[in-house]
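S.K.: What follows is a structure written as C-alpha cells; I'll ask about it next.
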Amino acid sequence: MKNKRTIVAALIMIVSGVILLGVGLAAGGKTSLVWKEGRPQISHLISTQQTFASDKVKNLIVNSKDADLEIIAGSSLKVESHLLDQKPELRLQDQTLNIEARKSAFDFNLGLNFGKMGQEKIIVTVPEDMDFQKIIIDGTSGQKTLRDLKVESLKINLRDGGLALEKVKGNQLTMNISDAAWQLRDVTLSGHLKVTSNDGASVLKRVTAQSMDFASNDGATIFENLRLKERSKIVKKDGQLKMINSQWPGLNAEAEELYVNHVKKEFPYQTGNQEKALTVEVTDGSFYLINE
C-alpha cells in the first residue's frame, strides 16, 4: 500500500511537471521549472537595469549568491540583472554601492528553461577611467568574472562555481576560495597578494605582486610568468605545483620530493637572495620548476 502511494505521488509530480512545461512553452517567455514547496513550479526571469553616477561611487560590495557575476568595462556605471522571481537589492550610501541578490525562493532549479534564458546573472559595467578604493565580492556558486578593473583593495570570497580575474590593476588582492576552479590573468599589484584555496584547480598567468602568501589544498596549481619582489610563501598540500618562467629574488624549497628542471635535488633547495626568497612548502605532492 505504501509503495502504491509513492508511485501515485511520483506520477502526480510528473504530470504536474508536464503541464507546467506546456504552460512555459505556451507563454513563450523567459521562465524556468524549479522545485519549490515540495512540488515543481514555474519561475519567471525578472530583468532590471539601473545607472549610477561614477563620481559618487568609490567602493563596490557585491553578494551575487548563486547567480553568475560579471564586472566588466563599459561606457557607464550600470547594474543589470536577470534573476528568477526577484530583483537585486541596490543601496548607495557613503560612496559605497552595495548589490545583493536575495536568497532564491525555490529549493533548486530543475534545469528546464523556456525562452531565451540561461543562468541567472548580474552584470556591472564600469567606465574605463574609474578607480575603486575597495571592491568586495561574495558568492556561493556560479561563474564570477572581473575584467579591466582598477581597484586599490580587492577581496573575493567564493564557495563553489568558478572565478576569472583578467586585466586587473591594484594594490592588494585577498582571495578565500573553496570547491571552485579559478584563474588570474594579467593581474598587476603594487602590494600584497594573499590566497587561500581549497579543493580546486588554479591557474595564474602574468601575475605581478610585491609579495605573496599562497596556501592551497588539493587540485593542481600553475604559475606562469609570476613576478615577485619581496619575501613570499607558497604552501601546497595534496596537489601538483608547477611554476613556469617565473621570477623572484630567491628560492627556498622544502618538500619530500622536489624536481628542478627534472633533476632531483636535496632538501631544502636554496638559490638566490634568501632574505627576500620565495619559500615553497610541498606536502604529498610535486613541485616542477620550468624555465623555457
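According to UniProt numbering, the sequence shown is numbered sequentially starting from 1. Beta carbons are placed, not taken as given, at the ideal position from N, Cα and C, and that holds for glycine.
Report, in whole angstroms, the separation of the C-beta atoms of Gly219 and Gly200, which I expect to be a contact under 8 Å.
M.R.: Here residue 219 refers to the residue found at position 219 when the sequence shown is read from its first residue. Here residue 200 refers to the residue found at position 200 when the sequence shown is read from its first residue. At roughly 5 Å, the Cβ-Cβ gap stays under 8 Å, so Gly219 and Gly200 are in contact.
S.K.: What are the uninterrupted segments assigned as beta strand (DSSP E) that are 3 or more residues long and contained completely in the stretch 188-229, given in chain order?
M.R.: With a minimum length of 3 residues, the continuous beta strand (DSSP E) runs that stay inside the stretch 188-229 are 192-198, 202-209, 211-217 and 221-224.
S.K.: Tell me, to the nearest whole angstrom, how far the beta carbon of Lys87 is from that of Thr48; I am working on the premise that it is less than 8 Å.
M.R.: Here residue 87 corresponds to residue number 87 of the sequence shown, with the count starting at 1. Here residue 48 corresponds to residue number 48 of the sequence shown, with the count starting at 1. The pair is a contact, with the Cβ atoms about 5 Å apart (cut-off 8 Å).
S.K.: By Cβ distance below 6 Å, which residues in the same chain neighbour Ala164 in space, the five residues on each side in sequence not counted?
M.R.: Numbered from its first residue, the sequence shown carries residue 164 at position 164. Only Thr145 and Gln183 meet the Cβ criterion.
S.K.: If you reduce the DSSP assignment to three classes, tell me which class Asp55 lands in.
M.R.: Along the sequence shown, one-based indexing puts residue 55 at 55. In this structure, Asp55 counts as helix in the three-state DSSP scheme.
S.K.: So, with DSSP's three-state summary, where would you put Lys276?
M.R.: Counting from one through the sequence shown, the residue named residue 276 turns up at place 276. It is helical.
S.K.: Which whole-angstrom value is the C-beta distance of Leu154 and Gly139, which I expect to be below 8 Å?
M.R.: In the sequence shown, the residue the question calls residue 154 occupies position 154. In the sequence shown, the residue the question calls residue 139 occupies position 139. The Cβ separation is near 14 Å, so there is no contact.
S.K.: Using 9 Å as the threshold, is the C-beta distance between Leu84 and Ile123 below it?
M.R.: As a position in the sequence shown, residue 84 is number 84, starting the count at 1. As a position in the sequence shown, residue 123 is number 123, starting the count at 1. Not closer than 9 Å, so no.
S.K.: To the nearest angstrom, how far is it from the Cα of Leu149 to the Cα of Glu128?
M.R.: As a working note, residue 149 is residue 149 in the sequence shown. As a working note, residue 128 is residue 128 in the sequence shown. Roughly 8 Å separates the two Cα atoms.
S.K.: Quick one, are the C-beta atoms of Asp68 and Gln119 less than 9 Å apart?
M.R.: Taking the sequence shown and counting its residues from 1, the one referred to as residue 68 is at position 68. Taking the sequence shown and counting its residues from 1, the one referred to as residue 119 is at position 119. Yes, the pair counts as a contact, with Cβ atoms nearer than the cut-off.
S.K.: For Tyr288, tell me which candidate among Ser232, Ile222 and Gly250 has the shortest Cα-Cα distance.
M.R.: The residue you call residue 288 lines up with position 288 of the sequence shown. Selected option, being the one with the closest Cα: Ile222.
S.K.: With the cut-off set at 9 Å, would you say Ile177 and Asn59 are in Cβ contact?
M.R.: Numbered from its first residue, the sequence shown carries residue 177 at position 177. Numbered from its first residue, the sequence shown carries residue 59 at position 59. No, the Cβ-Cβ distance between Ile177 and Asn59 is not below 9 Å.
S.K.: What separation, rounded to the nearest whole angstrom, lies between the Cα atoms of Ala26 and Lys78?
M.R.: Here the question's residue 26 lines up with position 26 in the sequence shown. Here the question's residue 78 lines up with position 78 in the sequence shown. Residue placement at Ala26 is flagged as unreliable, the pLDDT there being 42, under the threshold of 50; a coordinate-derived value is accordingly withheld.
S.K.: By a C-beta neighbour count over all protein chains shown, 10 Å radius and 16 as the cutoff for buried, is Arg102 buried or exposed?
M.R.: Numbered from its first residue, the sequence shown carries residue 102 at position 102. Label assigned to Arg102: exposed.
S.K.: I need the DSSP call for Leu21, collapsed to helix, strand or coil.
M.R.: The residue labelled residue 21 in the question sits at position 21 within the sequence shown. At Leu21 the pLDDT is 46, less than 50, meaning the model places this residue with poor confidence and gives no usable figure here.
S.K.: Taking DSSP's pairing of strands, which residues face Gln240 in a bridge?
M.R.: For the purposes of this step, residue 240 is identified with residue 240 of the sequence shown, where counting begins at 1. Looking at the DSSP assignment, Gln240 forms a beta bridge with Ser286.
S.K.: Considering only DSSP beta bridges, list what Glu120 is partnered with.
M.R.: Start at 1 with the first residue of the sequence shown, and residue 120 comes out as number 120. According to DSSP, Glu120 bridges with nothing at all.
S.K.: Beta-carbon within less than 8 Å of Asn252's beta-carbon, same chain only, minus the 5 sequence neighbours each way: which residues are those?
M.R.: By 1-based counting over the sequence shown, the position of residue 252 is 252. Hits under 8 Å: Pro268, Tyr269, Gln270, Gln274, Ala277, Leu278, Thr279 and Val280.
S.K.: Would Thr283 and Lys233 be called neighbours here (beta carbons separated by less than 9 Å)?
M.R.: For this step, residue 283 is matched to residue 283 along the sequence shown. For this step, residue 233 is matched to residue 233 along the sequence shown. It is not a contact, given that the beta carbons lie outside the stated cut-off.
S.K.: According to the neighbour-count rule (16 or more other Cβ atoms, all chains shown, within 10 Å of its Cβ), is Lys121 buried or exposed?
M.R.: The count along the sequence shown starts at 1 and reaches residue 121 at position 121. Under this definition Lys121 is a buried residue.
S.K.: What span of residues does the beta strand (DSSP E) with Thr174 cover, start to end?
M.R.: As a working mapping, residue 174 is identified with position 174 in the sequence shown. Its beta strand (DSSP E) spans residues Gly162 to Ser178.
S.K.: For residue 310, which residues in the same chain have their Cβ closer than 6 Å to its Cβ, ignoring the five residues on either side in sequence?
M.R.: What is shown of the chain runs 1 to 292, which leaves residue 310 out entirely.
S.K.: Measure the C-alpha to C-alpha separation of Ala180 and Glu80 and round it to an integer number of angstroms.
M.R.: In the sequence shown, counting from the first residue as 1, residue 180 sits at position 180. In the sequence shown, counting from the first residue as 1, residue 80 sits at position 80. The alpha-carbon atoms of Ala180 and Glu80 are separated by roughly 25 Å.
S.K.: With C-beta atoms as the reference, is Ile99 less than 9 Å away from Arg147?
M.R.: Walking along the sequence shown from the start, residue 99 turns up at place 99. Walking along the sequence shown from the start, residue 147 turns up at place 147. Cβ atoms of Ile99 and Arg147: not closer than 9 Å.
S.K.: Can you give the Cα-Cα distance for Arg206 and Asp55, rounded to whole angstroms?
M.R.: To locate residue 206, count along the sequence shown from 1; it is residue 206. To locate residue 55, count along the sequence shown from 1; it is residue 55. Roughly 31 Å separates the two Cα atoms.
S.K.: Could you give the first and the last residue of the continuous beta strand (DSSP E) run that contains residue 306?
M.R.: This structure gives no information on residue 306, because the portion of the chain shown stretches from 1 to 292.
S.K.: For the beta strand (DSSP E) containing Lys155, name the first residue and the last one.
M.R.: As a working note, residue 155 is residue 155 in the sequence shown. Looking at the DSSP string, the run of the beta strand (DSSP E) that includes Lys155 is Gln143 to Arg159.
S.K.: Please report how far the alpha carbon of Lys167 lies from the alpha carbon of Lys65, in whole angstroms.
M.R.: As a working note, residue 167 is residue 167 in the sequence shown. As a working note, residue 65 is residue 65 in the sequence shown. Distance between the alpha carbons of Lys167 and Lys65 is about 24 Å.
S.K.: Per DSSP, what kind of secondary structure is Thr125 in: helix, strand or coil?
M.R.: In the sequence shown, counting from the first residue as 1, residue 125 sits at position 125. DSSP places Thr125 in strand when its eight states are reduced to three.
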